[in-house]
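K.L.:
Protein chains in written order, with our numbering: chain A, 1 to 218; chain B, 1001 to 1218.
Just so it is clear, CB atoms sit at the ideal spot from N, CA and C, and this is done for glycine as well.
If you're wondering where the values come from, they're calculated on a predicted model, not measured in any experiment.
Sharing a structure with you now.
Protein chains: 2
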Amino acid sequence: MNLAKPITRPSLHAELVDRVRELIIEGTLEPGTKIPEKDLCESFGVSRTPMREALKVLANEGLAVLEPNRGAWVSTVTMEELEATFPVIAALERLAGELACAAATDAQISEIRSHHEDMVACFSTRNRQEYFRANQDIHDGILAAAGNEVLSQHHKVLASRVKRARFLANISDERWQQAVQEHEGIIAALEARDGAELGQRLSEHLANKFTALKARMA
Amino acid sequence: MNLAKPITRPSLHAELVDRVRELIIEGTLEPGTKIPEKDLCESFGVSRTPMREALKVLANEGLAVLEPNRGAWVSTVTMEELEATFPVIAALERLAGELACAAATDAQISEIRSHHEDMVACFSTRNRQEYFRANQDIHDGILAAAGNEVLSQHHKVLASRVKRARFLANISDERWQQAVQEHEGIIAALEARDGAELGQRLSEHLANKFTALKARMA
DNA sequence: ATACACAATTATGAATTCATAATTCAGTCA
DNA sequence: TGACTGAATTATGAATTCATAATTGTGTAT
């Protein structure tokens, strides 16, 4: 018999990991600030036990820092951390590009193209918010098309640490234009299913993004 | 005043994460078996709270699987997981090779060479145990020489998931010989500080290792 | 006022307790 | 014997409690 899927209630701590992670990534909990354990417990209507379990997991992912006897803090985003993180993301995206060219379905590729076209439209109206969403959809789409769950997981963790850097959005129009052009090349390589080329372009795209960021900071 | 470092007692859960992780990696806790929460608590002389916090972290790393209301289990090592994991490790080692060639000190390089020579000696006497240790020292050394903490962390998590596959040790003598030769090339590229070459060789080394493993399994 | 000492308060780490779900086991019936 | 039922036991998830560390607040002396 196989009438229905087994009922699985997600545990509190797993739910909290996702919810609090979101609060950190989208910036409601700001880098460098204390994570108000008690307040969060009250907001979510749970006791301290599952919340503290969740904070340990988030600390392991690098989004929180636990100070002995002083509680949990949202980790800061330092230039040194970004300097170390970008190349790793680039390496993973390079692999994702190579795998995606081999494994993507035509439907996946055309879906990625449609995100690309959305993104270009957002660029023409300089709609930053929606541009970033479309941009992320493209990169997520390539990861998904690569069909490697381990790769996706690690990329997600690393991307979450970078995304919190609000100043990333503070891009010059010149660099913005360049980024859109790089994306044209990325889409072209994907549609040609040229894995080496796509990997190369994705890697360079990340490197350029970081170079621009550093220039902007200095 | 700066007479001494502040005293920091590691929290129980952090200590437990490391200790239980070791039990899983070295195989005392076998893949697919139940993690005896109560017994572990008694062995370590702690209550269930910090142990359960540790298990959540290990589950997040992929070493354990939590089944709702049924406790924690050591995750199994499937061929599908290895198939997904090896390319990611290869991508990270490729990056490590590139960075190491640029950043390694001469002392680090000569230390890696000495591990290499140990390894060759172990090969000549077919000492599997020590060979694997020396082999790991080489790869860890390259990661350390790369000087990228984010890279090291993610490599460590992925490597820990693979290391538990006991059958990895079950290598043919032919493949073993080939692996030693590949290592010669790796050391040569490192000493020449040819990053692209080293990255390429490390990546291929991993790919060959996995190909040999698959052949052995089939 | 300002710096300090010390009590009161609060937050944290970890053990314990409690309700509930899963498992084991004895007893019953075919 | 072997499958089923339901009580007893055990394990799990989560709340609560408790000891201790950190912080805050108040009074005192300079």
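Identify each residue in the segment 29-53 of chain A for which the Cβ-Cβ distance to at least one residue of chain B is less than 8 Å, and report them in chain order.
P.N.:
Here the close residues are Thr49, Arg52 and Glu53.
K.L.:
Exposed or buried, what is Arg210(A) when buried is set at 16 or more other beta-carbons lying within 10 Å of its beta-carbon?
P.N.:
The question names Arg, yet the displayed sequence has Phe at residue 210(A). Buried.
K.L.:
Just the Cα atoms here: how many angstroms apart are Ala212(A) and Gln1129(B)?
P.N.:
Their backbone Cα atoms lie some 48 Å apart in a straight line.
K.L.:
Would you say Val1065(B) faces chain A, with C-beta separation under 9 Å as the test?
P.N.:
Not closer than 9 Å to any Cβ of chain A, the Cβ of Val1065(B) fails to qualify, so no.
K.L.:
Counting only beta-carbon atoms, is Thr1211(B) nearer than 9 Å to chain A?
P.N.:
Judged by the 9 Å Cβ criterion, Thr1211(B) is not in contact with chain A.
K.L.:
Given a threshold of 16 other Cβ atoms within 10 Å of its Cβ, counted over all protein chains shown, does Ala59(A) qualify as buried or as exposed?
P.N.:
Per the 10 Å Cβ criterion, buried.
K.L.:
Pair every Cβ in the segment 1021-1036 of chain B with every Cβ in the segment 193-212 of chain A, then say whether three or more of these pairs are closer than 8 Å.
P.N.:
No contact exists between the segment 1021-1036 of chain B and the segment 193-212 of chain A.
K.L.:
With DSSP collapsed to three states, give me the class of Leu99(A).
P.N.:
Helix at Leu99(A).
K.L.:
When you check each C-beta in the segment 140-152 of chain A against every C-beta of chain B, which residues fall closer than 8 Å?
P.N.:
Those residues of the segment 140-152 of chain A that come within reach of chain B (Cβ to Cβ, closer than 8 Å) are Asn148, Glu149, Val150 and Leu151.
K.L.:
Which residue marks the beginning of the alpha helix (DSSP H) containing Val46(A), and which one marks its end?
P.N.:
Note, Val46(A): premise wrong, no alpha helix (DSSP H); not H, not E.
K.L.:
Thinking just about the alpha-carbon of each residue, which of Val17(A), Glu81(A) and Glu61(A) is nearest to the one in Pro240(A)?
P.N.:
With chain A represented from 1 up to 218, any question about residue 240(A) goes unanswered, as that position is not in the structure.
K.L.:
Strictly below 9 Å CB to CB, what residues from chain A border Ala1084(B)?
P.N.:
Within 9 Å Cβ-Cβ: Gly147, Asn148, Glu149, Val150 and Leu151.
K.L.:
Using a C-beta cutoff of 9 Å, does Ala91(A) count as contacting chain B?
P.N.:
Answer yes: the Cβ-Cβ gap between Ala91(A) and chain B drops below 9 Å somewhere.
K.L.:
Enumerate in chain order the residues of its own chain whose CB-to-CB distance from Phe256(A) is below 6 Å, with the five nearest sequence positions on each side excluded.
P.N.:
Because chain A in this structure spans residues 1 to 218, residue 256(A) falls outside the shown range and cannot be described.
K.L.:
Is there a Cβ of chain B sitting closer than 9 Å to that of His13(A), yes or no?
P.N.:
Yes, its Cβ sits closer than 9 Å to a Cβ of chain B.
K.L.:
If you draw a straight line from the alpha carbon of Gly62(A) to that of Ala72(A), how long is it in whole angstroms?
P.N.:
Their Cα atoms are separated by approximately 12 Å.
K.L.:
Give the list of continuous alpha helix (DSSP H) stretches no shorter than 4 residues that lie fully inside the segment 1091-1136 of chain B.
P.N.:
The segment 1091-1136 of chain B contains these whole alpha helix (DSSP H) runs: 1106-1124.
K.L.:
Determine the extent of the beta strand (DSSP E) in which Val1074(B) is found, giving its start and end residues.
P.N.:
Where Val1074(B) is concerned, the enclosing beta strand (DSSP E) stretches over Gly1071 to Val1074.
K.L.:
Any beta carbon from chain A within less than 9 Å of Gly1062(B)'s own beta carbon?
P.N.:
Output row for Gly1062(B): interface = yes.
K.L.:
Ignore the nearest five residues each way along the sequence and tell me which others in Arg1094(B)'s own chain have a CB closer than 8 Å to its CB.
P.N.:
So the list reads Gly1199, Gln1200, Leu1202 and Ser1203, once near-sequence residues are dropped.
K.L.:
Under 8 Å by Cβ, that's how I've got Ile186(A) and His205(A) pegged, so tell me the actual separation to the nearest angstrom.
P.N.:
That pair is a contact at about 7 Å.
K.L.:
Can you find the residues in the same chain that come closer than 7 Å, C-beta to C-beta, to Asn148(A), ignoring five residues on each side of it along the sequence?
P.N.:
Result list for Asn148(A): Leu99, in chain order.
K.L.:
Any chance the segment 1160-1180 of chain B sits against the segment 1074-1081 of chain B, with 3 or more Cβ pairs inside 8 Å?
P.N.:
These segments touch.
K.L.:
From Phe1086(B), Arg1048(B) and Ala1064(B), pick the residue whose C-alpha is nearest to that of Leu1012(B); which is it?
P.N.:
Among Phe1086(B), Arg1048(B) and Ala1064(B), the Cα nearest to that of Leu1012(B) belongs to Arg1048(B).
K.L.:
So that I know if they touch, is there some Cβ in chain A lying closer than 9 Å to that of His1205(B)?
P.N.:
No, His1205(B) lies away from the interface with chain A (no Cβ there is under 9 Å from its Cβ).
K.L.:
My understanding is that Ile35(A) touches Ala64(A), with C-beta atoms under 8 Å, so please give their C-beta distance in whole angstroms.
P.N.:
Right, their Cβ atoms sit about 6 Å apart.
K.L.:
Would you please state the rounded distance, in angstroms, between the beta carbons of Glu37(A) and Ile109(A)? I believe it to be under 8 Å.
P.N.:
No, Glu37(A) and Ile109(A) are not in contact; Cβ-Cβ is about 45 Å, not under 8 Å.
K.L.:
Which chain A residues sit within Cβ distance under 9 Å of Val1020(B)?
P.N.:
Here the premise fails: no neighbours, minimum Cβ distance about 13 Å.
K.L.:
Does the beta carbon of Glu197(A) come closer than 9 Å to any beta carbon on chain B?
P.N.:
No, because no Cβ of chain B sits closer than 9 Å to the Cβ of Glu197(A).
K.L.:
Let's test the definition: count the other Cβ atoms within 10 Å of the Cβ of Asp106(A) and tell me whether it reaches 16, buried, or not, exposed.
P.N.:
It counts as exposed.
K.L.:
Can you pull the chain B residues whose beta carbon is under 8 Å from the beta carbon of Val88(A), in chain order?
P.N.:
What Val88(A) touches in chain B: Leu1092, Leu1095, Asn1148, Val1150, Leu1151 and His1154.
K.L.:
Count the other CB atoms, across all protein chains shown, that sit within 10 Å of the CB of Ala1215(B); report buried if there are 16 or more and exposed otherwise.
P.N.:
It counts as exposed.
K.L.:
Let me confirm a value: Pro1087(B) is counted as buried when at least 16 other C-beta atoms fall within 10 Å, else exposed. Which label applies?
P.N.:
Classification for Pro1087(B): buried.
K.L.:
Would you tell me roughly how many angstroms separate the C-alpha atoms of Arg113(A) and Ala1091(B), rounded to the nearest one?
P.N.:
Taking the straight line joining both Cα atoms gives about 26 Å.
K.L.:
Does any residue of chain A have a CB that is nearer than 9 Å to the CB of Glu1219(B)?
P.N.:
Here chain B comprises residues numbered 1001 to 1218, so residue 1219(B) is not present and cannot be evaluated.
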